[in-house]
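Asks: The listed protein sequences derive, respectively, from chains X and B. The first sequence runs contiguously to residue 368 in the UniProt record's numbering. The second sequence runs contiguously to residue 368 in the UniProt record's numbering. We treat Cβ as the ideally placed atom computed from N, Cα and C, and that holds for glycine. Bear in mind the structure is a predicted one, so any value in this text is a computation, not a measurement. Take a look at the following structure, please.
2 protein chains.
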Amino acid sequence: MSEVYAARRTRLRERCNAGGSAAALVTRPANVRYLAGAAPHGAVLLLGKREDLLVCQSPPDDRPCEGRPDDNLRVRILPQPGGDPAVAAAGLAQAQEADSLAVEEHHLTVARHRALTSVTPRLRLTDLGSAVEQLRVVKDEEEISCLRIGAEIADQALGELLESILVGRTERHLALELERRLVDHGADGPAFPTSVATGPNSGRRGHRPTDRRVEEGDFLSVCLGAAYRGYRCEIGRTFVIGTSPADWQIQLYELVFAAQRAGREALTPGAAYRDVDRAARQVLDCAGYSEGLQPLTGHGVGLEIDEDPQLAPAAMGKLDACVPVTVEPGVHLPGRGGVRIDDTLVVRPEADGGPELLTITTKELLAL
Amino acid sequence: MSEVYAARRTRLRERCNAGGSAAALVTRPANVRYLAGAAPHGAVLLLGKREDLLVCQSPPDDRPCEGRPDDNLRVRILPQPGGDPAVAAAGLAQAQEADSLAVEEHHLTVARHRALTSVTPRLRLTDLGSAVEQLRVVKDEEEISCLRIGAEIADQALGELLESILVGRTERHLALELERRLVDHGADGPAFPTSVATGPNSGRRGHRPTDRRVEEGDFLSVCLGAAYRGYRCEIGRTFVIGTSPADWQIQLYELVFAAQRAGREALTPGAAYRDVDRAARQVLDCAGYSEGLQPLTGHGVGLEIDEDPQLAPAAMGKLDACVPVTVEPGVHLPGRGGVRIDDTLVVRPEADGGPELLTITTKELLAL
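Following this line, the structure appears as structure tokens:
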């Protein structure tokens with residue numbers, strides 16, 4: 001794996017040098033992990049003029065889910081507890097005779113930025129912007145394989161839940177049980193707080209579980225994901241509780257299903273982000289649900305659960321192959337509930353069979 | 001409760017005005033919650049020249065664990081999804097004819113700070129520093145009551161675990177079970193990731209659970225806490241697995257127990273933070289464990305699990321009454337394991353009976 005991290009750092013260095021900076025300081029944890037193989041708590045990565053260094057507050061942990069620092073990367077532990085590794089790294093950059101240092105201004109606070117300036121007055125601080133986030137958008141097969149395993153784990157956890165008795169249990173307990181099952185099946189942990197929504201709560205994006213109990217006739221919508229070796233996937237499904245769904249439930253489900261399918265089918269290399277969003281959104285729009293729709297119908301996933309790209313009306317850019325994204329339209333009717341259907345897929349060219357569906361739990365409307 | 005939040009805002013406004021700022025923008029979530037009663041995702045609080053406003057991306061959630069915005073506070077929802085409430089709030093501050101705005105430079109990123117500057121060029125941005133964090137150090141009885149309930153919940157969860165079979169179970173499963181029990185007993189959720197450490201891992205502060213199984217003869221150290229209405233407490237205990245602890249285990253336990261007692265007994269109003277730390281630390285130092293001791297032996301708790309003050313050798317300041325802190329010395333012997341004992345207590349004057357212990361699980365060495 002070591003060459004992978006070195007190659008990523010080389011690509012970033014090229015971008016930095018092209019932007020006129022001799023060195024870069026990466027502080028955002030997911031970016032540190034992407035470039036260094038691990039991101040121990042508080043650690044920062046210096047792309048130095050002569051040498052790269054991972055600067056840590058304490059020795060890195062050695063568990064697989066935490067990642068392992070690239071063997072080719074020198075690790076520097078701060079001698080004093082409580083110091084700021086970013087400040088130390090800026091000093092090391094100056095010691096390597098860099099005259100400028102690109103920092104992540106969208107992550108560094110004003111106070112930390114000032115501390116860097118004051119310890120290294122000779123160093124000109126520039127903005128690295130989201131250069132690392134941009135590198136992270138297209139995944140390699142190793143990364144996709146971690147997402148695939150995470151998706152299998154989430155499918156298993158969800159499948160087991162569906163076999164149990166649901167009526168009478170609270171949203172909070174169902175969410176906790178799903179998270180326990182994720183870990184049982186080998187996840188590092190949940191990829192994000194598991195959402196379980198019943199009855200009038202169903203269909204709300206990011207609903208946080210309450211003490212409401214599952215009742216006959218409810219819609220039940222569930223959204224969960226596994227973190228596996230740092231990579232995070234997402235699956236969302238909506239079910240009906242009881243033997244026979246009501247007509248409005250069947251109609252609403254079919255509508256959201258059609259929207260989600262349209263979004264999935266629009267996932268081709270070269271498709272504009274906003275066109276994928278529009279494909280899903282216009283199905284709901286045409287049916288009269290334009291009010292209160294969520295601002296996006298999908299987003300990238302990877303080391304973070306919410307990455308670039310955003311599949312939204314005003315998003316700029318086009319999909320590449322090997323970009324994993326969610327497609328997750330939904331409708332929520334205040335007071336009644338609603339439906340969300342959410343998959344993680346990898347964009348693939350037509351010649352390779354089109355988009356690869358990672359989350360394979362059925363999307364038929366199940367009555368439980 | 002409403003008057004409580006208004007009174008807190010009045011105190012902050014007085015500080016701001018004394019510092020020469022007409023208005024303040026609070027962005028750190030725990031600070032927003034402290035002053036507004038709730039901190040919906042992404043919400044910021046404007047202490048305006050004429051009116052205070054809670055600026056949110058979407059309507060606030062109404063669950064008790066999320067808090068409820070103060071009724072006297074006007075809530076402003078952003079008309080467009082995806083906007084930055086801080087930028088909107090800066091515009092509103094300017095509309096109220098403020099000429100300066102104090103911001104939390106230790107929380108605001110460089111990029112957001114620049115966005116504020118560019119939308120409100122007539123507004124002079126100053127630094128609010130940690131003014132709100134300082135107000136938060138001394139708690140009122142309402143806050144302490146939330147911490148007390150949280151501590152009871154953690155004691156219950158831990159007590160139940162001790163009655164179950166432990167040998168053969170993994171650190172990860174024990175941690176998940178504790179977290180489930182916290183929720184069963186009414187916690188919003190865990191106050192922080194539950195730590196369960198066995199054998200050679202025991203005694204490590206902040207150890208993240210692994211797949212190692214509990215074995216006969218192990219030390220088992222556990223650290224957990226409940227979040228209750230936003231307030232977070234902490235308890236840590238170390239046990240021995242099997243019928244008869246080894247001599248080194250008894251000696252190490254008694255030593256850490258003596259250090260922890262010394263720390264607890266040093267908790268009086270007016271005591272210097274560093275003296276409380278020294279009281280606990282010197283017991284371990286004198287026994288020859290000065291190498292590798294953790295940088296602090298305790299810290300404040302409240303809306304965040306790690307708040308001011310820090311009980312550490314270089315900390316400046318003195319304890320006040322009604323400050324809840326942890327006392328948590330520990331020793332870890334690489335390859336063998338160790339002991340940590342951790343309580344949450346509230347500093348009280350001697351006349352009121354001295355420090356109030358919130359986490360009452362026994363600190364006798366239990367062999368399980």
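Of the residues Asp343(B), Ile305(B), Pro324(B), Gly298(B), which one's Cα is nearest the Cα of Ala314(B)?
Replies: Locating residue 314(B) in the second sequence gives position 314, where the first residue counts as 1. The candidate whose alpha carbon is nearest that of Ala314(B) is Gly298(B).
Asks: Counting pairs of Cβ atoms below 8 Å between the segment 166 to 179 of chain X and the segment 199 to 210 of chain X, do you hit three or more?
Replies: yes
Asks: Quick one: Cα of Val75(B) to Cα of Leu46(B), how far?
Replies: Within the second sequence, numbered from 1, the residue matching residue 75(B) stands at position 75. Within the second sequence, numbered from 1, the residue matching residue 46(B) stands at position 46. Each residue's alpha carbon lies about 10 Å from the other.
Asks: Report buried or exposed for Glu141(X), applying the criterion of at least 16 other Cβ atoms within 10 angstroms of its Cβ.
Replies: Residue mapping note: residue 141(X) aligns to position 141 of the first sequence, counting from 1. Answer is exposed; the Cβ neighbour count stays below 16.
Asks: For the segment 107 to 123 of chain X, list every residue whose C-beta sits within 7 Å of some C-beta in chain B, in sequence order.
Replies: Answer in chain order: His107, Leu108, Thr109, Val110, Ala111, His113.
Asks: Cutting at 8 Å between CB atoms, please list the residues of its own chain near residue 369(X), excluding the five before and the five after it.
Replies: Missing from the structure shown is residue 369(X); chain X here goes from 1 to 368 and no further.
Asks: Below 8 Å on the Cβ atoms is my contact criterion, and I expect residue 378(X) with Leu12(X) to pass it. Report the Cβ-Cβ distance as a whole number of Å.
Replies: With chain X running from 1 to 368 in the structure shown, residue 378(X) is simply not present.
Asks: Just the chain X side, please: which residues come within less than 7 Å of Pro295(B) by C-beta, in chain order?
Replies: Within the second sequence, residue 295(B) is the residue found at index 295, counting from 1. Those are Pro81, Gly82, listed as they occur along chain X.
Asks: Using a beta-carbon distance below 7 Å, is Val183(X) in contact with chain B?
Replies: Locating residue 183(X) in the first sequence gives position 183, counting from the first residue. It does: the Cβ of Val183(X) has a partner Cβ on chain B nearer than 7 Å.
Asks: Please report whether the beta-carbon of Val224(B) lies at a distance below 7 Å from any beta-carbon of chain X.
Replies: As a working mapping, residue 224(B) is identified with position 224 in the second sequence. Strictly speaking, residue 224(B) in this sequence is Leu, with Val absent from that position. Output row for Leu224(B): interface = no.
Asks: Mind the definition here: the segment 353 to 364 of chain X touches the segment 282 to 297 of chain X only if three or more C-beta pairs lie below 8 Å; say whether that holds.
Replies: no
Asks: So what's Tyr213(B) in DSSP terms, helix, strand or just coil?
Replies: Residue 213(B) sits at position 213 when you count from the first residue of the second sequence. Note on identity: in this sequence residue 213(B) is Arg, with Tyr being the wrong assignment. In this structure, Arg213(B) counts as strand in the three-state DSSP scheme.
Asks: Determine, for Arg180(B), whether the minimum Cβ-Cβ distance to residues of chain X falls below 7 Å.
Replies: Residue 180(B) sits at position 180 when you count from the first residue of the second sequence. It does: the Cβ of Arg180(B) has a partner Cβ on chain X nearer than 7 Å.
Asks: Please identify, using Cβ separations under 8 Å, the residues of the segment 14 to 29 of chain X that lie next to chain B, in order along the chain.
Replies: none
Asks: Quick one: which residues of the segment 154 to 173 of chain B get their C-beta closer than 8 Å to a C-beta of chain X? List them in chain order.
Replies: Arg172, His173
Asks: So, under 8 Å CB-CB, Ala227(X) and Asp188(X) are touching, yes? Tell me the CB distance rounded to an integer number of Å.
Replies: Along the first sequence, read from residue 1 onward, the residue named residue 227(X) stands at position 227. Along the first sequence, read from residue 1 onward, the residue named residue 188(X) stands at position 188. Right, their Cβ atoms sit about 4 Å apart.
Asks: Can you pull the chain D neighbours of Glu105(X), defined as C-beta to C-beta under 7 Å?
Replies: Checking the listed chains, one finds no chain D in this structure; the protein chains it contains are X and B.
Asks: Rounded to a whole number of angstroms, what is the C-alpha to C-alpha distance between Pro40(X) and Gly236(X)?
Replies: Position 40 of the first sequence, counted from the first residue, corresponds to residue 40(X). Position 236 of the first sequence, counted from the first residue, corresponds to residue 236(X). The alpha-carbon atoms of Pro40(X) and Gly236(X) are separated by roughly 31 Å.
Asks: Looking at the structure shown, is Cys322(B) part of a helix, part of a strand, or coil, going by DSSP?
Replies: As a working mapping, residue 322(B) is identified with position 322 in the second sequence. In the three-state DSSP reduction, Cys322(B) falls in the coil class, being neither helix nor strand.
Asks: Identify each residue in the segment 325 to 342 of chain X for which the Cβ-Cβ distance to at least one residue of chain B is less than 8 Å, and report them in chain order.
Replies: The residues in question: there are none.
Asks: Pull up the distance between the alpha-carbon of Ile241(X) and that of Ile165(X), whole angstroms please.
Replies: As a working mapping, residue 241(X) is identified with position 241 in the first sequence. As a working mapping, residue 165(X) is identified with position 165 in the first sequence. Roughly 10 Å separates the two Cα atoms.
Asks: May I ask you to report which of helix, strand or coil DSSP gives Ala70(B)?
Replies: Numbered from its first residue, the second sequence carries residue 70(B) at position 70. Correcting the residue type first, residue 70(B) is Asp in the shown sequence and not Ala. Taken through DSSP and simplified to helix, strand or coil, Asp70(B) comes out as coil.
Asks: Short check: CB of Ala24(B) to CB of Val55(B), under 7 Å?
Replies: In the second sequence, counting from the first residue as 1, residue 24(B) sits at position 24. In the second sequence, counting from the first residue as 1, residue 55(B) sits at position 55. Not in contact: Ala24(B) and Val55(B) (Cβ atoms no closer than 7 Å).
Asks: Tell me, which residues are paired with Phe219(B) by DSSP?
Replies: As a first step, residue 219(B) is located in the second sequence; it is residue number 219 there, counting from the start. In the DSSP output, where bridge partners are listed per residue, Phe219(B) has Val240(B).
Asks: Please state the DSSP three-state secondary structure of residue 371(X).
Replies: Shown here, chain X extends from 1 to 368; a query on residue 371(X) therefore has no answer.
Asks: Would you mind giving the Cβ-Cβ distance between Leu345(B) and Glu356(B), rounded to the nearest angstrom? I have them listed as a contact below 8 Å.
Replies: Taking the first residue of the second sequence as position 1, residue 345(B) is located at position 345. Taking the first residue of the second sequence as position 1, residue 356(B) is located at position 356. Confirmed, Cβ separation roughly 6 Å.
Asks: Kindly give me the distance between the Cβ atoms of Gly330(B) and Gly186(B), rounded to whole angstroms, as I take these residues to be in contact under 8 Å.
Replies: Translated into the one-based positions of the second sequence, residue 330(B) becomes position 330. Translated into the one-based positions of the second sequence, residue 186(B) becomes position 186. Incorrect: roughly 29 Å between the Cβ atoms, too far for contact.
Asks: For residue 372(X), which residues of its own chain have a beta-carbon under 7 Å away from its beta-carbon, when the five flanking residues on both sides are left out?
Replies: This structure cannot speak to residue 372(X), because chain X is shown only from 1 to 368.
Asks: With distances taken Cα to Cα, identify the nearest neighbour of Ile305(X) among Asp71(X), Ala262(X), Glu350(X), Val325(X).
Replies: Indexing the first sequence from 1 puts residue 305(X) at position 305. Comparing Cα-Cα distances from Ile305(X) to each of Asp71(X), Ala262(X), Glu350(X), Val325(X), the minimum goes to Val325(X).
Asks: State the DSSP-derived secondary structure class of Thr344(X), mapped to helix, strand or coil.
Replies: Here residue 344(X) corresponds to residue number 344 of the first sequence, with the count starting at 1. Looking at Thr344(X) - three-state DSSP - the assignment turns out to be strand.
Asks: What alpha helix (DSSP H) runs, 4 residues minimum, are completely inside the segment 8 to 38 of chain X?
Replies: 29 to 36
Asks: Going by DSSP, what residue range makes up the alpha helix (DSSP H) through Tyr289(B)?
Replies: Position 289 of the second sequence, counted from the start, is the residue given in the question as residue 289(B). Tyr289(B) -> no alpha helix (DSSP H), and no H or E assigned at all.
Asks: Who are the near neighbours of Ala272(X) in its chain, counting only those whose CB is closer than 6 Å to its CB and skipping five residues on each side?
Replies: Indexing the first sequence from 1 puts residue 272(X) at position 272. If we look at Ala272(X) and ignore the five residues flanking it on each side, its Cβ neighbours are Lys318.
Asks: Excluding the 5 residues preceding and the 5 following Phe239(X) in the sequence, name in chain order all residues of the same chain whose CB lies nearer than 7 Å to its CB.
Replies: Locating residue 239(X) in the first sequence gives position 239, where the first residue counts as 1. So the list reads Leu220, Leu366, Leu368, once near-sequence residues are dropped.
Asks: Chain X beta carbons: is any one of them nearer than 7 Å to that of Leu319(B)?
Replies: Counting from one through the second sequence, the residue named residue 319(B) turns up at place 319. So no, Leu319(B) is outside the interface.
Asks: Using a threshold of 7 Å, state whether the C-beta atoms of Asp277(B) and Leu311(B) are closer than that.
Replies: Looking up residue 277(B) in the second sequence gives position 277. Looking up residue 311(B) in the second sequence gives position 311. Contact: yes.
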